[in-house]
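If you're matching them up, the sequences are chains A and B in order. For the first sequence, our numbering gives the first residue as 1, with consecutive numbering after it. For the second sequence, our numbering gives the first residue as 236, with consecutive numbering after it. Every residue, glycine too, gets a C-beta built ideally from N, C-alpha and C. In this text the structure is predicted, and so the values were computed from the model without any measurement. As structure tokens, the structure follows; a few thoughts come after it.
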Amino acid sequence: MENTHIHSSFDNDLNKLNDNLLKLGNTALDQFDNCINNFGTQNLEEIEKVIGGDIILDDLDDRVQKLGFEIIALRAPQAADLRRIIVALKIATIFERIGDYSRNISNRTKLLIELNYSDLPGVNIGKMGQKTFTMMEDVIESYVNEDDKLAVKVRNSDVKIDKMHTQYYLEIVASMQRNKKLAPTGAHLLFIAKNIERVADYVTDIAEQVYFLVNGKVLSDLRPKADESSLIIPE
Amino acid sequence: MNNINDLKSLELTVGDVFSKNARLKARNVNVFYGNNKAIDNVTIDIGSKEVISFIGPSGCGKSTFLRCFNRMNDTIDSCVVQGEITIDDENIYDKKIDVVPLRARIGMVFQKPNPFPKSIYDNVAYGPRIHGLSENKEHLDVIVEESLKRAGLWQEVSDRLQSPGTGLSGGQQQRLCIARAIAVSPEVILMDEPCSALDPIATAKIEDLIHELGNDYSIVIVTHSMQQAARVSKRTAYFHLGKLIEVGKTKEIFTRPQHHQTEAYISGKIG
Chain A
1 MENTHIHSSF
11 DNDLNKLNDN
21 LLKLGNTALD
31 QFDNCINNFG
41 TQNLEEIEKV
51 IGGDIILDDL
61 DDRVQKLGFE
71 IIALRAPQAA
81 DLRRIIVALK
91 IATIFERIGD
101 YSRNISNRTK
111 LLIELNYSDL
121 PGVNIGKMGQ
131 KTFTMMEDVI
141 ESYVNEDDKL
151 AVKVRNSDVK
161 IDKMHTQYYL
171 EIVASMQRNK
181 KLAPTGAHLL
191 FIAKNIERVA
201 DYVTDIAEQV
211 YFLVNGKVLS
221 DLRPKADESS
231 LIIPE
Chain B
236 MNNINDLKSL
246 ELTVGDVFSK
256 NARLKARNVN
266 VFYGNNKAID
276 NVTIDIGSKE
286 VISFIGPSGC
296 GKSTFLRCFN
306 RMNDTIDSCV
316 VQGEITIDDE
326 NIYDKKIDVV
336 PLRARIGMVF
346 QKPNPFPKSI
356 YDNVAYGPRI
366 HGLSENKEHL
376 DVIVEESLKR
386 AGLWQEVSDR
396 LQSPGTGLSG
406 GQQQRLCIAR
416 AIAVSPEVIL
426 MDEPCSALDP
436 IATAKIEDLI
446 HELGNDYSIV
456 IVTHSMQQAA
466 RVSKRTAYFH
476 LGKLIEVGKT
486 KEIFTRPQHH
496 QTEAYISGKI
506 G
């Protein structure tokens with residue numbers, strides 16, 4: 001927001017919208033980071049904090065939606081201002097959805113603790129989570145700095161998460177085939193891996209919105225994708 | 236002066252100033268009020284059956300430029316117009332051109348409704364009478380009725396055509412002025428802030444009318460309301476300090492303008 005508006009109250013409204021959006025984004029980032037860490041540490045108290053903290057994201061999303069709606073109604077924003085508000089409304093919803101996935105992962109982690117999931121070998125959920133976390137950090141940075149190059153880089157890195165997901169899917173199913181007692185654990189792990197893969201997809205959606213914010217046009221080329229878990233029958 | 240290489244103004248303007256079906260062509264137009272340059276080297280086409288808005292801050296020259304199209308600036312002694320403006324490739328500043336029929340071809344609606352102190356009927360009939368467009372009284376009646384219908388006023392005034400035009404509401408008076416303009420079968424209608432003196436309902440009726448008339452006429456509208464420009468025009472031109480800064484599709488200008496001055500103006504920003 002390089003220039004200031006003649007109506008300074010318009011700038012105040014936009015700053016308020018932006019502050020709430022960044023608070024929402026950073027809270028969603030923390031929630032996701034914590035749910036991935038808790039998967040490794042199995043700290044029930046921390047897991048409950050993530051589950052209980054989801055309501056904060058819902059409230060922040062509601063606030064952003066209300067502010068954006070009011071600015072459109074009262075200020076009739078144009079050009080870059082209009083794009084900023086439309087983008088804020090869209091990515092606020094995406095951050096809120098990422099929060100839902102963090103809560104879902106936490107709920108499943110609680111069940112896995114009961115199921116003693118250390119029995120299931122092979123997959124490294126933490127690694128996939130960390131890569132997704134880095135993508136999320138970068139996409140927030142790209143929004144703050146209006147850095148469309150970083151946004152495109154984040155978007156294109158999703159393919160790595162897709163590949164990891166496909167690999168983990170095959171490994172978990174193979175483990176379940178070897179030992180059918182591991183089926184309940186494996187099912188939850190499949191969902192957790194899928195949830196992380198979906199979070200990475202949402203991050204790429206945010207990256208595309210950042211590109212639109214900066215350039216006023218959508219990214220025209222097709223996004224690279226490599227999640228083949230819905231196309232493969234495990235041997 | 237159709238050679239693009241001759242048009243020095245093109246380097247100043249962002250966007251496509253040309254139109255495939257140009258009816259009016261302005262080439263390197265400069266306008267001076269005494270020593271003050273009010274319009275600086277402007278080139279633009281106005282397309283056939285196109286509604287185009289001129290926007291920009293007060294004093295940017297948009298109304299001055301609009302008045303060039305039907306030589307209304309001739310009435311100002313200190314005003315000098317340079318460059319070339321053509322309608323259907325005929326130079327409107329040619330010495331042979333008679334401005335009275337020119338102003339019938341290129342009609343004008345002003346900021347403040349200015350009906351003649353005559354009846355509603357005579358306001359509309361005045362132009363066809365002086366231009367000899369009606370064959371007889373019955374034909375004149377048809378022109379008046381048709382013009383009032385096209386201006387969306389007939390239903391409101393058909394039972395009081397002999398009442399004074401000045402007795403109508405502001406919005407009705409403005410539609411009467413539009414009926415008066417279209418009664419002489421113009422090709423282009425120039426509108427200089429036609430809704431600035433009207434309430435939102437009357438404004439909406441005029442805007443709806445502009446939308447309708449755009450099917451048959453080229454309409455150039457000067458407006459301070461960006462929302463109005465966005466609502467009524469397909470193309471928008473942004474003026475600043477006498478220069479045509481940017482011209483383009485309205486939906487492009489209001490969502491992703493290319494020039495930072497356009498962006499600043501439509502967003503209400505300083506600088």
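Is residue i buried or exposed, if buried means 16 or more other CB atoms sit within 10 Å of its CB?
| i | result |
| --- | --- |
| B:Glu498 | buried |
| A:Thr132 | buried |
| A:Gln177 | exposed |
| B:Asp427 | buried |
| B:Asn240 | For B:Asn240, the predicted structure reports a pLDDT of 48, less than 50, and the residue's modelled location is therefore unreliable. A value from the coordinates is still provided. Per the 10 Å Cβ criterion, exposed. |
| B:Ile436 | exposed |
| A:Ala76 | exposed |
| B:Pro336 | exposed |
| B:His276 | According to the sequence as given, residue 276 of chain B is Asn; it is not His. Classification of B:Asn276: buried, given that the 10 Å Cβ count is 16 or more. |
| B:Val377 | exposed |
| B:Asn326 | exposed |
| A:Thr134 | exposed |
| A:Ile6 | exposed |
| A:Asn4 | Reading the sequence as shown, one finds Thr at residue 4 of chain A and not Asn. A:Thr4 comes out exposed. |
| B:Gly402 | exposed |
| B:Pro350 | buried |
| B:Asp329 | exposed |
Tell me, which residues are paired with residue i by DSSP?
| i | result |
| --- | --- |
| B:His446 | B:His446 is not bridged to any residue. |
| A:Leu67 | Answer is none; A:Leu67 lacks a bridge partner. |
| B:Pro429 | None, per the DSSP bridge assignment. |
| B:Ala261 | B:Ile279, B:Ile320 |
| A:Met128 | Beta-bridge pairing links A:Met128 to no other residue. |
| B:Tyr473 | B:Ile290, B:Glu481 |
| B:Glu325 | B:Ile322 |
| B:Pro399 | B:Ser354 |
| A:Glu5 | Here residue 5 of chain A turns out to be His, not Glu, going by the sequence shown. Per DSSP, B:Lys504. |
| B:Lys272 | B:Phe267 |
| B:Ser453 | B:Val423 |
| B:Val315 | B:Phe267 |
| B:Asn342 | One detail in the question is off: residue 342 of chain B reads as Gly in this sequence, not Asn. B:Ile424. |
| B:Val359 | B:Val359 pairs with nothing; no bridge assigned. |
| B:Val249 | B:Glu481 |
Less than 6 angstroms between C-beta atoms, sequence neighbours within five positions excluded: which residues of the same chain meet that for residue i?
| i | result |
| --- | --- |
| B:Met236 | Confidence in B:Met236 is poor, its pLDDT being 44 and thus under 50, which makes the residue's placement unreliable; the coordinate value appears in the next sentence. Arg262, Glu319. |
| A:Leu189 | Ile172 |
| B:Trp389 | Leu383 |
| B:Val457 | Phe289, Lys297, Ser298, Leu301, Asp427, Glu428 |
| B:Thr438 | Cys430 |
Return yes when at least one heavy atom of the ligand NAD lies under 7 angstroms from the C-beta of residue i, else no.
| i | result |
| --- | --- |
| B:Thr248 | As presented, the structure is devoid of all ligands, the ligand NAD included, so that no description of it is given. |
Note down, in chain order, each residue of its chain lying with its Cβ closer than 7 angstroms to the Cβ of residue i, except the 5 sequence neighbours on either side.
| i | result |
| --- | --- |
| A:Gly99 | Ala28, Gln31, Asp54, Leu57 |
| B:Ser369 | Pro363, Leu375, Ile378 |
Could one say the Cβ of residue i lies closer than 8 angstroms to chain E's Cβ atoms, at least one of them?
| i | result |
| --- | --- |
| A:Asn15 | Given the protein chain composition of this structure (A and B), no chain E is represented. |
Tell me which same chain residues have a C-beta within less than 8 angstroms of the C-beta of residue i, skipping the five on either side of it?
| i | result |
| --- | --- |
| A:Asn266 | Here chain A covers residues 1 to 235 and nothing more, so residue 266 of chain A does not appear. |
| A:Thr166 | Ala226, Asp227, Glu228, Ser229, Ile232 |
| B:Ala257 | Asp280, Ile281, Gly282, Ser283 |
Interface residues of the segment 431-455 of chain B facing chain A [CB-CB below 8 angstroms] = none
Does the segment 182-193 of chain A come close enough to the segment 138-156 of chain A to have 3 or more Cβ pairs within less than 8 angstroms?
-> no
Contact between the segment 446-459 of chain B and the segment 275-293 of chain B: three or more CB pairs below 8 angstroms?
-> yes
Are at least three pairs of beta-carbons, each pair with one atom in the segment 207-220 of chain A and one in the segment 79-98 of chain A, less than 8 angstroms apart?
-> yes
Report the residues of the segment 62-91 of chain A with a CB closer than 7 angstroms to any CB of chain B, ordered along the chain.
-> Ala76, Gln78, Ala79, Ala80, Asp81, Leu82
Along the segment 341-353 of chain B, what residues have a CB closer than 8 angstroms to any CB found in chain A?
-> none
Interface residues of the segment 485-497 of chain B facing chain A [CB-CB below 7 angstroms] | Phe489, Thr490, Arg491, Pro492
Touch test, the segment 410-430 of chain B against the segment 372-386 of chain B, Cβ-Cβ under 8 angstroms, three pairs minimum = yes
Do three or more CB pairs link the segment 348-360 of chain B to the segment 391-406 of chain B at distances below 8 angstroms?
-> yes
At least 3 beta-carbon pairs within less than 8 angstroms: the segment 299-315 of chain B vs the segment 253-268 of chain B | yes
On the three-pair Cβ rule with 8 angstroms, is the segment 249-261 of chain B touching the segment 476-495 of chain B?
-> yes
Looking at C-beta atoms only, is the number of pairs between the segment 297-307 of chain B and the segment 341-348 of chain B that lie closer than 8 angstroms three or more?
-> yes
Can we say the segment 14-23 of chain A touches the segment 35-43 of chain A, given the rule of at least three CB pairs closer than 8 angstroms?
-> no
Compile a chain-ordered list of the residues in the segment 2-32 of chain A whose CB is closer than 8 angstroms to at least one CB of chain B.
-> Asn3, Thr4, His5, Ile6, His7, Phe10
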